[in-house]
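I have placed the structure first, in the form of structure tokens, so that the comments after it can refer back to it.
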Amino acid sequence: MALALENVGVAFGGFRALSEVSLSIAPGQVIGLIGPNGAGKTTCVNTLTGFQAPGTGRVMLGGRDVSRLSAHGFRRAGVARTFQAGRLFTGLDVLDNLACTSVGLGQRRAAAEHEAEDLLHWMGIADLQSRPAAGLPYTDERRVAIARALMGHPDFLLLDEPAAGMSEKEAADLAALIHRIAREKGIGCLLIEHNVGLVLSVCAHVVVLDGGRVIEQGDRAAILGSRAVREAYLGANVEAA
Ligand SMILES: Nc1ncnc2c1ncn2[C@@H]1O[C@H](COP(=O)(O)OP(=O)(O)OP(=O)(O)O)[C@@H](O)[C@H]1O
Numbered sequence: 000m001a002l003a004l005e006n007v008g009v010a011f012g013g014f015r016a017l018s019e020v021s022l023s024i025a026p027g028q029v030i031g032l033i034g035p036n037g038a039g040k041t042t043c044v045n046t047l048t049g050f051q052a053p054g055t056g057r058v059m060l061g062g063r064d065v066s067r068l069s070a071h072g073f074r075r076a077g078v079a080r081t082f083q084a085g086r087l088f089t090g091l092d093v094l095d096n097l098a099c100t101s102v103g104l105g106q107r108r109a110a111a112e113h114e115a116e117d118l119l120h121w122m123g124i125a126d127l128q129s130r131p132a133a134g135l136p137y138t139d140e141r142r143v144a145i146a147r148a149l150m151g152h153p154d155f156l157l158l159d160e161p162a163a164g165m166s167e168k169e170a171a172d173l174a175a176l177i178h179r180i181a182r183e184k185g186i187g188c189l190l191i192e193h194n195v196g197l198v199l200s201v202c203a204h205v206v207v208l209d210g211g212r213v214i215e216q217g218d219r220a221a222i223l224g225s226r227a228v229r230e231a232y233l234g235a236n237v238e239a240a
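Everything in the sequence shown is counted per numbering that gives the first Met the number 0, starting at 0 for the first residue and increasing by one.
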């Protein structure tokens with residue numbers, strides 16, 4: 000049961016944001032997706048979650064072509080995501096932010112609240128449960144957004160720059176949480192991050208995009224040793240950098 004892009008292309012008007020992109024996430028695996036600004040990372044996540052239909056190629060989930068599924072359809076099928084901005088429901092408290100997700104997926108309210116309490120406890124943030132989502136400190140908002148994405152027991156979790164604005168210590172705590180999500184829940188995770196050090200420390204496999212194309216993929220050693228990656232980040236004149 001994998002979530003995958005197969006030779007995906009996405010164009011906005013005449014601009015090709017993705018060209019022939021293939022990548023695959025297995026259950027319990029943490030994949031990193033990196034690349035310079037505008038490389039196409041968010042477009043990849045949008046395509047893997049039904050927010051953007053591929054122009055060419057296919058999105059596959061467990062061997063099924065889900066390219067035309069809606070975003071809600073992807074969520075129901077077990078693919079959850081977070082956004083660069085937390086996008087919490089600011090009029091609700093933390094517990095209700097989580098519970099309403101499972102209610103939206105068809106669960107009864109009492110069961111959804113119970114699941115939300117368990118999940119907040121599992122993440123070590125049970126103390127936040129009655130707090131209004133509006134005005135949460137930035138790092139707590141990020142953690143609640145991840146907790147909300149975990150509601151309904153998804154098989155895959157796609158995280159769009161979850162460590163943006165975090166201190167080194169907060170980013171290390173986040174890395175530990177992502178490991179737990181993969182290991183203890185068996186969820187396949189895809190992590191987009193500008194913090195390349197964090198990605199290389201968390202992910203066994205990293206995909207590098209530049210100009211909408213996959214320019215490299217492999218383990219930490221392969222990424223660090225890649226001339227194409229150095230050129231993408233530092234410009235063509237890598238020897239001088
Ligand atoms: N809806 C859209 N309409 C037109 N162009 C778009 C749209 N969405 C993205 N793009 C363009 O596609 C390219 C890829 O954007 P995308 O947001 O996927 O890159 P990214 O790697 O996530 O960038 P960043 O690291 O800056 O968030 C960019 O040039 C962007 O301007």
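Backbone N, C-alpha and C fix where the C-beta goes; we use that ideal spot for every residue, glycine too.
Item	Value
What I want to know is whether the C-beta of T48 ends up closer than 7 Å to one or more non-hydrogen atoms of ligand 1.	no
Within the structure, which residues are defined as neighbours of ligand 1 by a Cβ-heavy atom distance below 5 Å, reported in chain order?	F11, A16, N36, G37, A38, G39, K40, T41, T42
Grouping DSSP H, G and I as helix and E and B as strand, with all else coil, what is C99?	helix
Can you tell me where the beta strand (DSSP E) holding R15 begins and where it ends?	14-24
From A240 to L233, what does the alpha carbon distance come to, in whole angstroms?	Caution is warranted here: a pLDDT of 41 is assigned to A240, below 50, making its placement in the model unreliable, and the coordinate value is therefore given only provisionally. The alpha-carbon atoms of A240 and L233 are separated by roughly 7 Å.
Quick one: complete alpha helix (DSSP H) runs, 4+ long, within the segment 138-185?	167-184
In terms of residues, what are the limits of the alpha helix (DSSP H) holding A70?	70-75
For my contact list, L127 and V143 are in at a C-beta cut-off of 8 Å; report their separation, rounded to the angstrom.	7 Å
What is the DSSP secondary structure of G196, reduced to helix, strand or coil?	helix
Suppose contacts are defined by Cβ-Cβ distances below 8 Å. Is F155 in contact with V78 by that definition?	yes
Let me check understanding here. Comparing Cα to Cα, which of R57, G56, S69, G61 lies closest to G49?	S69
Can you tell me where the beta strand (DSSP E) holding R67 begins and where it ends?	No beta strand (DSSP E) contains R67, which DSSP labels as neither H nor E.
Would you give the residue range spanned by the beta strand (DSSP E) that R57 belongs to?	55-60
Using 8 Å as the Cβ pair cut-off and three pairs as the minimum, do the segment 49-68 and the segment 217-231 touch?	no
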